[in-house]
Amino acid sequence: MILINFVLGLALMIVSFVMQVIESTESADKALQFLWRLSPLFCLGRGLLNLTIVEITHTGGGETDNELSKDPFALENTGYEIIYLLFDAVLYFAIAVGIDYAMTFPKFKAAMSKDPSIPLERGDVDADVGAEEERVLMGGADNDAIKLQNLRKVYRKGEKVAVENLSFGLKHGECFGFLGINGAGKTSTMKMLTGDIVPTSGNATLSGFDILTQQVQVRRQIGYCPQFDALIDLLTVREHLELFAKIKGVPNAVLNEVVIEKMEQLNLMAFEDKLAGSLSGGNKRKLSVAIAMIGAPKILFLDEPSTGMDPVSRRFMWDIISEISTYSKESTVVLTTHSMEECEALCTRVGIMVGGGLKCLGSVQHLKTRFGDGLMFDAKLQVPLTEDVSALVLRHFDSLETRIDEDQLAETCRLFGKAAWEQKITNTHPTGHTIANFAKRDGYVLASSFAAWWITETQFDNVSSFLEKNFGAVELLERKHDSCWFKIHGQSGHGAAFGGSGAQADSTLRLSNVFDLVENAKTQLAIREYSVSQTTLEQIFNSFASQQDVSEPVLTTPTNSSSSFSLGFVSRFFRR
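Quick note on numbering: the sequence shown equals residues 883 to 1458 in my numbering.
Structure (structure tokens):
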């Protein structure tokens, strides 16, 4: 840009001046000046040069045939330059507005820059994802609120495939959780749907309108809450809502009513006249969601809508989103979030993106059933009873106060019947470190303390053996004092949990079966309390996320800062 300014400003001015003083090129210069004056920088430089020449000539007493040449504003001095500067101002402003407007249309963008062609490479496709692609291909999603068909995006920089052949549909009133780590392709997909970037291939429709050919109609259907608040610090809450309500075409007759309704709905009435820049992070998110919801759009894109909110405000926001999607069916919501709790609370279906492709699709419970790797079992063991401790000690020693020296611990383990347990008495063992520390500090351990530890270890071994005997592969995740956390994989391994539909499904891992077996053996196993739960959505998400190649750069398209506000932003998302 500096080089262009130099060429158009200084270089053209010098060339023109040299051509003017050479008799053979003087006439050509006069003709070319009308073309070169389309550069405002040339007009500025040439005008200043002419003023200098006029001043020198006048001061030196030079005579000219044209009396106007002494007038600094004469046409041949600065007159043409001033006229062209005014003309350039109007011309280039119109060109800037025109380009800004045209760039909101995907077809124009596609004509201006063509993405590289990279062959489609698809690995294994999940059964649910494949079934959804088949439904879209056969026309089953034609009446859905959102339909993506073979949507693909390849960025020119690095020839990176950001989105790979997405095909799925979202029904009216559905709340869809769009999950994935940074670089998975979520943001690129949403930008294609909102018209911010152009897909390399494929297509999508929003409320039946094509994102490539009907962008004006598409923008009338959507509301968008960006991840970073696009608010104007010097406008109040009410002014924000009034501004965007007018942009979205809300009639003046009901404008005030609509604004008040949104402030009441999002609990913003107390901040009606506060500047957006002085709001807390949570209230800024509420205002961004209110802006997205104003005008009752049929489709809402919400990117981290509850970020920065306290638990009470977060639950309030969840209730609002559920009301407009799942309950009233007013809007179809596409929700991107890193909170699995939020996703489970709101979403009727979830899709997880990895490396630009959709790796799984279905309800939260369906994903847990298909991809949950076993059950989580947590238990707290009973504290050893005094009589049990006494009985164990007196079986081998004369008194509860008998001291077991540090060098006698191995022999005591053999005496109690399990010599290998000597290996547990170390500083790294979850419970054995207590005995090891006592022995190192005092040089001995009381027989009663050793017996209490021995009984607790026996209880733990019984629980572990019981789980392995009844449910197959068991993994100890953590242990602290009398508490332990197990992961039960079952006989069939990954994906067989919860009585899945596969041929290898392990029916013993049904929650009801686990509760029944443990409850019947609870007293025998000395379990004080326990819980059995499915694999969490977060664990499933992390399992898929680990498949993405994090060494690849995250490619995004430039976006306005959160404090900026431009004609492009308005026209892109809210044009009527």
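Note that CB positions come from ideal geometry on N, CA and C, so glycine has one too.
| query | result |
| --- | --- |
| Please classify G1239 as buried or exposed, where buried requires at least 16 neighbouring CB atoms within 10 angstroms. | buried |
| What residues in its chain sit with their C-beta under 7 Å from that of L1048, if we drop five residues either side in the sequence? | L1030, L1033, T1071 and L1240 |
| For a test of the three-state rule: what should DSSP assign to Q1264, helix, strand or coil? | coil |
| May I ask which residues mark the beginning and end of the alpha helix (DSSP H) holding F966? | It should be pointed out that residue 966 corresponds to Tyr in this sequence rather than to Phe. Looking at the DSSP string, the run of the alpha helix (DSSP H) that includes Y966 is Y962 to A984. |
| Going by alpha carbons, who is nearest to R1361 out of K1262, L967, C1107 and F1298? | K1262 |
| Would you give the residue range spanned by the beta strand (DSSP E) that D1324 belongs to? | Per DSSP, D1324 belongs to no beta strand (DSSP E); it is in the alpha helix (DSSP H), G1314 to D1324. |
| Taking the alpha carbon of G1131 as the reference point, which residue from R1101, G1164 and P1108 has its own alpha carbon closest? | R1101 |
| Going by DSSP, what residue range makes up the alpha helix (DSSP H) through G1164? | G1163 to M1175 |
| Which residue wins for smallest C-alpha separation from Q1103, given the options D1010, T1076 and R1296? | T1076 |
| Check the DSSP bridge columns for E1411 and list the partner residues they point to. | K1262 |
| With H, G and I counted as helix, E and B as strand and the rest as coil, what does DSSP make of C1295? | helix |
| Can you tell me whether Q1247 is buried or exposed? The criterion is at least 16 other CB atoms within 10 Å of its CB, across all chains shown. | exposed |
| Which value, in whole angstroms, describes the spacing of the CA atoms of I1234 and G1022? | 22 Å |
| From L1116 to L1157, what does the alpha carbon distance come to, in whole angstroms? | 6 Å |
| How long is the line joining the alpha carbons of L1094 and E908, rounded to whole angstroms? | 52 Å |
| Provide the residue span of the alpha helix (DSSP H) that contains T1069, from first to last. | K1068 to L1075 |
| Between the segment 1008-1025 and the segment 1182-1195, do at least 3 Cβ pairs fall closer than 8 Å? | no |
| Could you check what DSSP says for K1351 in three-state terms: helix, strand or coil? | helix |
| Mapping the DSSP letters down to three states, classify T1441 as helix, strand or coil. | Because T1441 carries a pLDDT of 40, less than 50, the predicted location of this residue cannot be relied on, and the following value inherits that uncertainty. In the structure shown, T1441 sits in coil (DSSP, three-state: anything other than H, G, I, E or B). |
| State the DSSP-derived secondary structure class of E1046, mapped to helix, strand or coil. | strand |
| So the candidates are L1123, Y1106 and D1155; which of them puts its Cα closest to the Cα of E1143? | L1123 |
| Run through DSSP, which three-state label would E1186 get? | coil |
| How would you write the range of the beta strand (DSSP E) that M1235 sits in, first residue to last? | R1231 to V1236 |
| Using beta-carbon positions only, say whether S1204 and A1178 come within less than 9 Å of one another. | no |
| Taking C-alpha atoms, which residue in F987, L923 and E1339 lies nearest to I964? | L923 |
| DSSP state of Q1416, grouped into three classes? | strand |
| Give me the Cα-Cα distance between M1470 and Q1109, rounded to the nearest whole angstrom. | Missing from the structure shown is residue 1470; the chain here goes from 883 to 1458 and no further. |
| Consult DSSP for V1036 and reduce its assignment to one of helix, strand or coil. | strand |
| List the endpoints of the continuous beta strand (DSSP E) containing G1239. | G1239 to G1244 |
| If you drop the 5 nearest sequence neighbours on each side, which residues of the same chain put their C-beta closer than 8 Å to that of K991? | M985, I1079 and V1080 |
| Who are the near neighbours of T1338 in its chain, counting only those whose CB is closer than 7 Å to its CB and skipping five residues on each side? | L1263, P1266, T1313 and D1364 |
| For V972 and P954, which I take to be in contact (beta-carbon distance under 8 Å), what is that distance rounded to the nearest angstrom? | No, V972 and P954 are not in contact; Cβ-Cβ is about 24 Å, not under 8 Å. |
| Determine the closest residue to K989 out of L1137, K1250, C1242 and V1098, with distance taken between C-alpha atoms. | V1098 |
| In whole angstroms, what is the alpha-carbon distance linking T960 and M895? | 14 Å |
| Which complete beta strand (DSSP E) runs does the segment 1051-1135 hold, if anything under 3 residues is left out? | 1057-1061, 1083-1088 and 1104-1107 |
| Using the Cα positions of S1346 and A1355, report the straight-line distance between them to the nearest angstrom. | 10 Å |
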